[in-house]
Structures are given as C-alpha cells and as structure tokens.
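Engineer: Here the sequence shown is numbered in the working numbering, starting from 243 and rising by one per residue. Cβ atoms here follow ideal geometry from the backbone N, Cα and C, with glycine treated the same way. Note that this is a predicted model, so its numbers are computed, not measured.
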Amino acid sequence: MTTTLKIAVAENVDLASYDTIAFGVFTSDAGLEVPGGDGSDAIPSIIDTAFAKRHHFEAKKGQTLVIRQEQEGPTVLAVGCGDGSSQENWRHVGASVVRSSVGRRALLLLPILETPATGVLGEAVTTGALLASYSYSVRSDDPHEGLESLDVGFVNGGENPELLVGVAAGIAVAHAVSFARDMVNEFPSSMTPTKLAEEATTLLSSAQRVTSEVWELERIKDEKLGGLLGVARGSHQDPRLVVATYSPEGTPTHHVVLVGKGVTFDSGGLSLKTAGGMTTMKTDMTGAAVVLGALSACHDLGVRATVTAIAPMTENMPGGEAIKPGDVLIARNGTTIEVLNTDAEGRLILADGLSLAVEMKPDAIIDVATLTGAAVVALGTGVAGLLSNNDELAQSLDEAGKLAGEPLWRLPLVEEYESHIKSEIADIKNIGAPGEAGTISAALFLQRFVDETPWAHLDIAGPARSEKTSGYLVKGGTAFSLRTILSYLRSL
Ligand code: BES
Ligand code: MN
Ligand code: ZN
243 MTTTLKIAVA ENVDLASYDT IAFGVFTSDA GLEVPGGDGS DAIPSIIDTA
293 FAKRHHFEAK KGQTLVIRQE QEGPTVLAVG CGDGSSQENW RHVGASVVRS
343 SVGRRALLLL PILETPATGV LGEAVTTGAL LASYSYSVRS DDPHEGLESL
393 DVGFVNGGEN PELLVGVAAG IAVAHAVSFA RDMVNEFPSS MTPTKLAEEA
443 TTLLSSAQRV TSEVWELERI KDEKLGGLLG VARGSHQDPR LVVATYSPEG
493 TPTHHVVLVG KGVTFDSGGL SLKTAGGMTT MKTDMTGAAV VLGALSACHD
543 LGVRATVTAI APMTENMPGG EAIKPGDVLI ARNGTTIEVL NTDAEGRLIL
593 ADGLSLAVEM KPDAIIDVAT LTGAAVVALG TGVAGLLSNN DELAQSLDEA
643 GKLAGEPLWR LPLVEEYESH IKSEIADIKN IGAPGEAGTI SAALFLQRFV
693 DETPWAHLDI AGPARSEKTS GYLVKGGTAF SLRTILSYLR SL
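1. Just to confirm my understanding: we take Leu639, look at its own chain, exclude 5 residues before and 5 after, and list those with CB closer than 8 angstroms. What are they?
2. From what residue to what residue does the beta strand (DSSP E) around Phe268 run?
3. Can the beta-carbon of Ile354 be found less than 8 angstroms from the beta-carbon of Gly468?
4. Taking 7 angstroms as the cut-off, is the beta-carbon of Val505 closer than that to any non-hydrogen atom of the ligand ZN?
5. Let's test the definition: count the other Cβ atoms within 10 Å of the Cβ of Glu587 and tell me whether it reaches 16, buried, or not, exposed.
6. Measuring from each Cβ to the nearest heavy atom of the ligand BES, keep the ones under 5 angstroms and list them in chain order.
7. Whose C-alpha, out of Thr443, Leu590, Val340, Val415, is nearest the C-alpha of Leu392?
8. According to DSSP, what are the bridge partners of Arg482?
9. What would DSSP say about Tyr659, mapped onto helix, strand or coil?
10. Are the CB atoms of Val532 and Ser723 nearer to each other than 8 angstroms?
11. Please say whether Ala721 and Ala422 have beta carbons closer to each other than 8 angstroms?
12. Can you name the residues that DSSP bridges to Phe396?
13. Mind checking who His699 pairs with in its DSSP beta bridge?
14. Would you call the segment 399-410 and the segment 261-269 touching, i.e. three or more CB-CB distances under 8 angstroms?
15. Return the CA-CA distance between Ala551 and Lys503, expressed in angstroms with no decimal places.
16. The alpha helix (DSSP H) with Lys463 in it runs from where to where?
17. Please tell me whether, using a cut-off of 7 angstroms, the distance from the CB of Gly529 to the nearest non-hydrogen atom of the ligand MN is below it.
18. Please classify Gly324 as buried or exposed, where buried requires at least 16 neighbouring CB atoms within 10 angstroms.
19. Are Leu635 and Ile682 touching if we call contact CB-CB under 8 angstroms?
20. Any contact of the segment 332-351 with the segment 360-376, i.e. 3+ C-beta pairs under 8 angstroms?
21. Can you tell me the Cα-Cα spacing of Val380 and Pro696, whole angstroms?
22. Return the chain-ordered list of same chain residues with a C-beta closer than 7 angstroms to the C-beta of Gly622, the five sequence neighbours on each side being excluded.
23. Should Gly510 be counted as a contact of the ligand MN given a C-beta to heavy atom distance under 7 angstroms?
24. Less than 7 angstroms between the CB of Asn402 and some heavy atom of the ligand MN, yes or no?
25. Between which two residues does the beta strand (DSSP E) harbouring Ile249 extend?
26. Relative to the ligand MN, is the shortest distance from any of its heavy atoms to the C-beta of Asn632 smaller than 7 angstroms?
27. So what's Asp569 in DSSP terms, helix, strand or just coil?
28. In or out: Asn254 buried (at least 16 other Cβ within 10 Å) or exposed?
29. Quick one: what does DSSP say Thr711 is sitting in, helix, strand or coil?
30. Answer yes or no: do Ala536 and Leu728 have a C-beta to C-beta separation smaller than 8 angstroms?
31. Sort Gly518, Ser712, Ser513, Thr493 by Cα distance to Val549 and report the nearest one.
32. Which residue from Glu330, Thr360, Asp424, Leu655 puts its Cα closest to that of Leu405?
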C-alpha cells in the first residue's frame, strides 16, 4: 500500500510540462509575499491582497488558493506557509500540494531562505507530501487516483546538492513512517506477532549497518521474559521479541536503546474490554512499529549513535491458559508482579524489554507505548505524554517533538504515588489507584525496570491513531513519535 508518489528534484524547470505549479506564500508585513517569485504570470512575487481577501486566503499553513486556471496549461496554486520559518509549516505545504493539485504531475517551487535552510526545507516538503499521499486499503477495487509525481526545485533551476540531500532524507523518513503505519493498519488477525517480526526482519534486512534477531518462544522462555510469556499465555499465537541494532560508521557518540510495545491485539485478556474499547486495539503495537521503523532510517539519515530497538510482541487474549487477575509473574530482572488487571498488559511486556535494555548499559533508554487510556483523557489525540527520570533527556525529546510537529507534554513521576502500585504479596502490582493518575502510575511501574539509566517514556495512546485525514495525517495509524525519535537521534 504505502505511497506511489514519486518525488524528484527538478533541475531545468519546464513550467509548461506540469499539470499544477505550486509555490509557498508567506504572511509578511508587506502583504502576501511569494518568496522566490519572479513576477511572471506563473509565479507572481506578491499576491493581490484584495484577491486573497475575496477568497478568504490568509496564507495560514497549508491553506491553498488557485491563482490561475485556464483551459490549457498548468493550474497555478498558492499554498500558505504561515510565517514560513518552521519545518512543520513546510511539511503542511508538501501535504497541501498533494491534496490540492490538479492532474498527475505537479511542481513545487521553493524559495531560498535563511531558516529553514534549503536541505531542511526540502526534507520537510518531501516528508509532508509523501505522508499525505500514504494510503492503506484492502479494498478489491482500489482505483489509484491523485498525484503521480511531484518535482521540487527553484524558479531559476540549477543543481542544488543541499536540496538533493534534503529530499533523500525526507524519503527515508517517510519510508520509515509508512512501514509503521502499514503495520498498524493491517487487520489484527493478519498482523500477528509472527508476522510483525517477519515484516520487521524484511524491512531491516534492506537497511544498511543494521543487524536483527528474532527470539521465538523457546528463546523467550530461556531468557526468562516472564511478563511477555504471561501475557502471551491467553493467545494461540506465539510471542516474539525482535532485537535489532544499528551501528554507525566510526566511533559512536552514544548508545540509545528504544523499546516499543508490540501488542498486536489487545482484547484486555480476562479483564475483557468492552466491544467499543476493542475496535481500535490493532493499534496497540504502534510502539514496536515505531522503534523498528526508526531504526531502518538511521543509516540514511547519518545518525552517529549506536541505536538498538527491542520490541516484545504478543496478543493479549482471554484463552483458557490466560493469566488470571491475582496471578504473579516474575519479570526478566527478577521483580515479582501481581497482575490485578490483565488489561494492563503493556507494562508487563515492557518490564522485560526495559530489563534487557538496562543490561546493555546504554546512555539512554526511550520506550514508546500506547499504554494508558488515562493519557487520552489527559492529553487528547494530538499530544503524547512524556515521563522521564532525566531532565536533559526529557528536554531533548521535547525539542525534537516540537521540530517534528509531534508535541509531547511532560508529566511528573510523583514519588508519593509509588504507594499506588504497592502490592500486598509481590514487589509491585500492575494497576494504580482507581481513577487516579493512570498515566503516571504506569510510568512509575516502568521506572522499576530501568535502574539508574537515563530513561524517557512516551505514552502515545492518544495520537497513535487519527480519526480523520488532514494535513499529512491519514485516518488510521499515524506512527506518532517516530519522527521525533529520528530527530532526537540525529541531534546526538
Ligand atoms: N492499550 C491500552 C491503552 C489504550 C487505551 C490505548 C485506549 C489506546 C486507547 C492498555 O493496554 C490498557 O488497556 N490500559 C488500561 C490500564 C488499566 C487497566 C490500568 C487502561 O488505560 O484502561
Ligand atoms: Mn490493555
Ligand atoms: Zn494495551
């Protein structure tokens, strides 16, 4: 599925050969400015304020206005880019060109700006365009409509190595996100742990400087992954755990371990969810898809740190062998866990994933999980929760999230709430106090498995899915946080 849109850098621009010619428009004090416009009919340098007003065009990010449309020749499209200074605005420009172009072939003319620099700008429009053109469907008669190719370039042509690099980076990022979205969107009886591990292996086998391993049931037992084994007991599907590592050329600057929740379907187990609560639970493996997708792009993006991805994968089902409320599991690091609600399964499998991560003695651990309904209540579907034992790491991720257009909001690891996860009989229990700080108590649970390692937890339960197609999001899996993680890794 993914996308069939071809993006290329136009060198000697032949305007007449396109169905649509698009360019960005800024809001500036002078009015609606077209940076890079040459004042010709096709590319004006300013948009008439009265004309814009009549069409309610204010050059807000992603807003479009048809400037010229005749029987013959290209349609000319103005695309708002706000004040034009952020990557996020330019991603929306790329997305709007895809959504509003007429015909099959479009050209997006770019300005040369101080910020964002040409490479960043090229990457942003490429990423936005490719992510907006993403689709997933298993319909038997899916007609392919819409844009076939998008060229990006400058009004006065010429080779631009920076732009080429930026476009290539955008393609790598979008490829990783499309992989993750595909994994999430595939229906859950198809996307089993076995299938997810296989797909990840296929993806990573074509990535450079990446090695990967799949642990099957026997290995998972030998390695004493008690949380993962416990959750998997209720399912006919065997669990899997994927461990993959990217090693950069030269001496690595850091070692970061990413851990992703891979529950391929969350029925709740014996603590069964409601019918409504279950309908989107194929999304519950987003964390695994995100960390594996991110790893696949590290080489192409020139990441200088060693990056390991650990993804425990299982279904959470209420089969005859399922764990029961009241059961005790022993996690990889020896911690005993009283399971009082089998629907709080994510933390059980992450307990093992985090324990393995700590054993690698990395500089930082980041876990990604659709972990709590409470995060959806607190932050909605546009923002992910960020919880961390390390201010520097939290701040770096917060900045990376801003650049990526994936906002994170930090919640505190309130020490007093440790009492919420105290168990009568075991080291901890897997649920907190009813109706209180569910996202925080889940994170406090996870913190028990990271020792002193700098660690951040991203609870993406809300933004992992989008209920509408808009901007560069497409209804379904979003792979939220994947671009943030890449942005963070590239900063190391
Ligand atoms: N996968 C869910 C969390 C979730 C809920 C993600 C809604 C996306 C949308 C998780 O496994 C879960 O069921 N959490 C429970 C924990 C509770 C039983 C302590 C929850 O949040 O209700
Ligand atoms: Mn659950
Ligand atoms: Zn879950």
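Structural biologist: Concretely, from the data shown:
1. Ile608, Leu628, Ser630, Leu650, Ala698, Leu700, Thr726, Tyr730
2. 262-270
3. no
4. yes
5. buried
6. Asp508, Asp526, Asn583, Asp585, Ala586, Gly588, Thr612, Thr614, Gly615, Ile673, Ala703
7. Val340
8. Met555
9. helix
10. yes
11. yes
12. Leu352
13. Asp609, Leu629
14. no
15. 11 angstroms
16. 459-464
17. no
18. buried
19. no
20. yes
21. 42 angstroms
22. Gly704
23. yes
24. no
25. 248-251
26. no
27. strand
28. exposed
29. coil
30. yes
31. Thr493
32. Thr360
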